[in-house]
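Working notes, beginning with the structure itself.
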Amino acid sequence: MLEQRLYSTPSSSLLLAAFVHPLLRDPSAASQSKIVQHILHCLLSRLLLLELQFLLEKLPLIHILMSKWEGPFIIKESHSSGYYVLASVDNGTLLSSINGKWLKPYYS
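Residue numbers for the sequence shown follow my numbering, so the first one is 94 and each next one is one higher.
Structural data, given as C-alpha cells:
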C-alpha cells in the first residue's frame, strides 16, 4: 500500500527515488518505519538546502568581502559648505558632488 502511494505521486522526485530504495522490498512494519524516516530525512535535507540557497541569493558573500571604498579620485572643486566635486583619476570624468565627511585620504 505504501508502495502504491509513493508511486502515485510522480510530482515529487524524492518520493520516486525512495520508491526504488531497497528498504521497500521488505514489507514488515519496522522496514516501513525506516522508509518513512528516510523519506522525511530526504525531504528535510532538501528543504534546508533550498532555504540555504535562498539566503545565499539574498545575501551574496561577495558583497561582504568587497571593499566599501571606491577611488582614488582627484578633487576638482571644493566649496565652503563642505562638499567636493570629484574626478576620476583614470580618465578625468567628473563625478557628482559629495559631502566631505564621506572622503578619506588615499595612500598609494
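Where a beta carbon is used, it is the ideal one built from N, C-alpha and C, also for glycine.
Three-state secondary structure assigned by DSSP to residue i
{"i": "leucine 142", "result": "helix"}
{"i": "valine 178", "result": "strand"}
{"i": "lysine 169", "result": "strand"}
{"i": "glutamine 97", "result": "Because the pLDDT at glutamine 97 is just 44, under 50, the model does not fix this residue reliably, and the value given afterwards should be weighed accordingly. Three-state DSSP puts glutamine 97 in a helix."}
{"i": "leucine 196", "result": "coil"}
{"i": "lysine 161", "result": "coil"}
{"i": "serine 126", "result": "helix"}
{"i": "proline 103", "result": "Residue confidence is low: proline 103 scores 44 on pLDDT, short of 50, so the model does not pin down where it sits. Its coordinate-derived value is still stated next. If DSSP states are grouped into helix, strand and coil, proline 103 belongs with coil."}
{"i": "aspartate 183", "result": "coil"}
Residues near residue i by beta carbon distance below 6 angstroms, same chain, minus five either side
{"i": "tyrosine 205", "result": "Because residue 205 is not part of the residues shown, which for the chain are 94 to 201, the question remains open."}
{"i": "serine 171", "result": "Tyr177"}
{"i": "glycine 164", "result": "Tyr199"}
Those residues which DSSP pairs with residue i across a bridge
{"i": "isoleucine 191", "result": "Tyr177"}
Residues of its chain near residue i, where Cβ-Cβ distance is below 7 angstroms and the 5 sequence neighbours each way are ignored
{"i": "glycine 185", "result": "none"}
{"i": "glutamate 144", "result": "none"}
beta-carbon residue i near the ligand SAM non-hydrogen atom, thresh 6 angstroms
{"i": "asparagine 192", "result": "By its list of ligands, the structure shown contains no ligand whatsoever, and the ligand SAM lies outside what it can speak to."}
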